[in-house]
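Chemist: Below is the structure I would like to discuss, written out as structure tokens.
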Amino acid sequence: MTEDKIYQRLGQLLVDEAPESAMRVIVDVELSPEDDHCQLLFDYVDGKGERDWFSPSSGEVDRIVMNSLVALRKLHRAQNLTAGLPAWNACEIAMDIVGGKLEIDFRYDETLYLQTD
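Heads up: the sequence shown begins at 6 in our numbering, then just goes up one per residue.
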């Protein structure tokens, strides 16, 4: 699967899962180093700017998000986009429902980069 297809898949999934009043969907993700599990927190922002949480329609949504992000992280490693450093281990996915724009803010475990004397 290409990087673009992964982004399209995630974006469409979040649009489909968004509560009716959602203007923006935000998913906070932490992936395991082994790529076998993750923690997902689903939030949305409504038209009044208020943030609240929601549960996706099924566990299948969690599986699709995890598998998509595992595939994306593997692509980043395969394309040497990590510059030899460990790949990202967490991210925040934000989908602007109205504007149709997907953003992913990748986060890194900073303790992996600390140098000891």
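Just so it is clear, CB atoms sit at the ideal spot from N, CA and C, and this is done for glycine as well.
Predicted model, so just to flag it, every value in this text is computed and none were measured.
Ordered along the chain, which non-local residues of its own chain (more than five positions away) have a Cβ less than 6 Å from that of Asp-48?
Modeler: Ile-31, Arg-56, Trp-58
Chemist: Ends of the alpha helix (DSSP H) at Val-66?
Modeler: 64-83
Chemist: Comparing C-alpha positions only, which one of Pro-61, Pro-38, Ser-60, Gly-104 sits nearest to Leu-74?
Modeler: Selected option, being the one with the closest Cα: Pro-38.
Chemist: Spatial neighbours of Gly-16 within its chain, please: CB distance less than 7 Å, with the 5 preceding and 5 following residues excluded, ordered by chain position.
Modeler: Met-100, Leu-107
Chemist: Does DSSP classify Val-20 as helix, strand or coil?
Modeler: helix
Chemist: Take the Cβ of Arg-112 as the centre, count every other Cβ of all protein chains shown within 10 Å, and call the residue buried at 16 or more, exposed below.
Modeler: exposed
Chemist: Taking Gly-52 as the reference, give the member of Pro-24, Ser-62, Arg-68, Met-71 with the closest Cα.
Modeler: Pro-24
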